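Please read the structure below before turning to the comments.
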Amino acid sequence: MASQRLLLFVLLATSVAVALSAKSAKHVIIGVRQPGDHLARREFVKKDSSWLQVVKLQQTFGVDYGKITHVKLLDQNLKGKGATANVLAGGLGYSYITVHFKSKRSHSINYIVEIYAR
């Protein structure tokens, strides 16, 4: 009985370690989508890679009316090769959001930005 529990523990620990070490996309999701929210803006943000260079891009997204309630910054470069996205200004409760994208060396920026407002 003890050996079965030990084996189960080892298998569980191994699967958790593998899952945590797997490289994945770097999505950023801010806020909670509520009933009554609408998709105010959806944009594709792309910037080509530059050999042995880190690519940076800062972009401001605004909504025509309402306040931002939910933001999705969805990384389209999979397998851990994607860029990071950081919010610099605005965001929830504002009518704009400024995002800074930064790629890994020799990789591109490829994100889908979805902004919901009410």
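Quick note, the sequence shown lines up with residues -21 to -1, 1 to 97 if you use mature numbering (1 follows the signal peptide of the UniProt record, and there is no 0).
Ideal Cβ placement from N, Cα and C applies to all residues, glycine included.
As the structure is a prediction and not an experimental result, all values here were calculated from the model.
Check: So, PHE40 versus ILE91, is the Cβ gap smaller than 7 Å?
Finding: No, Cβ-Cβ distance for PHE40 and ILE91 is not below 7 Å.
Next item on the list: Figure out for me which residue from GLN32, GLY70, ARG84 and SER29 has the closest Cα to the Cα of GLN38.
Entry: GLY70
Check: Considering only residues of the same chain and omitting the five flanking positions on each side of GLU93, which have a CB-CB separation below 6 Å?
Finding: For GLU93, where only same-chain residues beyond five positions count, the Cβ hits under 6 Å are ARG21 and LYS51.
Next item on the list: List the endpoints of the continuous beta strand (DSSP E) containing ARG21.
Entry: 17 to 26
Note to self: Tell me the rounded alpha-carbon separation between ALA19 and TYR95.
What the structure shows: 5 Å
Margin query: According to DSSP, is TYR73 part of a helix, a strand, or is it coil?
Written below: coil
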